[in-house]
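Reviewing the structure listed below.
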Amino acid sequence: MEKKTGVEWKKLLWQYILFTIGSVIYAAAVALFLDPNELAPGGVVGISVILNRLTGLPTGTLMLCINIPLLLAGVWKLGLRFLLSTIYVTFFSSFVVNLLTPYGPLTEDLLLGAFFGAVVLAVGIALVFRAGATTGGTDILVRLLKLRYKHIETGKLFFCTDLVVVICSMAVFHNVNTGLYALLSIMVFAIVFDVVLYGSDTAKMVYVVSEKEERIARRIMDELEIGVTYVYGQGAYTEKKKRVILCAAKKQLFPKVKEIVKEEDPQAFLIVSSASDIYGEGFKDHFAEEF
177 MEKKTGVEWK
187 KLLWQYILFT
197 IGSVIYAAAV
207 ALFLDPNELA
217 PGGVVGISVI
227 LNRLTGLPTG
237 TLMLCINIPL
247 LLAGVWKLGL
257 RFLLSTIYVT
267 FFSSFVVNLL
277 TPYGPLTEDL
287 LLGAFFGAVV
297 LAVGIALVFR
307 AGATTGGTDI
317 LVRLLKLRYK
327 HIETGKLFFC
337 TDLVVVICSM
347 AVFHNVNTGL
357 YALLSIMVFA
367 IVFDVVLYGS
377 DTAKMVYVVS
387 EKEERIARRI
397 MDELEIGVTY
407 VYGQGAYTEK
417 KKRVILCAAK
427 KQLFPKVKEI
437 VKEEDPQAFL
447 IVSSASDIYG
457 EGFKDHFAEE
467 F
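At position 127 of the sequence shown the residue is numbered 303 (the working numbering), and the sequence of numbers has no breaks.
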């Protein structure tokens, strides 16, 4: 096993700091806004809120129990590194939910609880996602679906999986109003989550002219999961034929693209422009505006 360098340890430490911050934010949304107002916004959180009312067991404990078999399923496709980070987030967030539960609710207004609960929940989960893990539960299911359907935005996948739980909550609580507020909550969640995770629709269009184009392209594809295209050209002065890298990167990923180029070839020629609309895998659906 290779020893980690100082830079790698710092990167790992920063990653777990983000996991911790995201977990606390996520747990606060559950314990202070959603659970005390009987709002079941889908997923493991929603299922746990429902079971809490039926069994009396702590919501955080139920979240952990439901997540364990899902974690075992997730490691098969997403790997051991994914499992370790997600185990940490799952256990820690469940613990914080139980810790914060006695202090809720921050508001008893269902509309405010649904709206701010969704916003806080989206921010927490998006931070965890961006750091490279999930909060367990349907997050794992969504990550598995993203491996197959990369063109579908994560927030929309969450909406589909959560809708079933919201419908069940209406039946269990015998209250259509809380169900509708929970539905509103997952709608807000889907919007805020995609904004925090993906940013706006604008992205950076990047051209890279380098003698090490193959190494740069491979790192961009492997580390950032960004598609790369080679544009074949010829230097006017040298008359040497070369492959120019062309790729479109979300705004939050562009600094990493720039870092990769700098690490591999400090002499590379980098051209960056803004793209307001991009259609295709990882961006907008070609047919999204027709519906």
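Glycine included, C-beta positions come from ideal geometry on N, C-alpha and C. The model shown is predicted, which means the values in this text are computed figures rather than measured ones.
- Cβ contact annotation for A216 (same chain, cutoff 7 Å, sequence separation greater than five): G222, V225, I226, V341, V342, S345, A358, in chain order.
- When secondary structure is reduced to three states using DSSP, Y408 falls in the strand class.
- Of the candidates I263, T235, L210, I263 places its Cα closest to the Cα of Y192.
- Distance from the CA of G219 to the CA of K438, rounded to the nearest whole angstrom, comes to 41 Å.
- When rounded, the separation of the alpha-carbon atoms in L248 and Y383 is 41 Å.
- Boundaries of the alpha helix (DSSP H) harbouring F305: 286-307, taken from the DSSP string.
- When DSSP states are grouped into helix, strand and coil, A425 belongs to the strand group.
- Here D398 is exposed: its Cβ has fewer than 16 other Cβ atoms, across all protein chains shown, within 10 Å.
- The Cβ-Cβ distance between I421 and E389 falls below 7 Å.
- In this structure P281 is in contact with L208, their Cβ atoms being roughly 6 Å apart against a cut-off of 8 Å.
- CA-to-CA, the gap between Y202 and L297 works out to about 5 Å.
- Annotation: V318 to I301 spans about 12 Å, alpha carbon to alpha carbon.
- Within the same chain, and ignoring the five residues on either side of E440 in sequence, the residues whose Cβ sits closer than 6 Å to its Cβ are K388, R391, I392.
- In the three-state reduction of the DSSP assignment, L282 falls in the coil class, being assigned neither a helical nor a strand state.
- L233 counts as exposed, since fewer than 16 other C-beta atoms from the protein chains shown sit within 10 angstroms of its C-beta.
- For A216, the three-state secondary structure derived from DSSP is coil.
- Here the alpha carbon of V304 sits roughly 11 Å from the alpha carbon of F369.
- Taking the Cα of A451 as reference, the smallest distance to any Cα among K380, I402, G409, R419 is reached at K380.
- Around the Cβ of F445, a 10 Å sphere holds fewer than 16 other Cβ atoms; the residue is exposed.
- Taking C-beta separations shorter than 6 Å and ignoring five residues to either side along the sequence, the partners of G236 in its chain run S270, V273, N274, following chain order.
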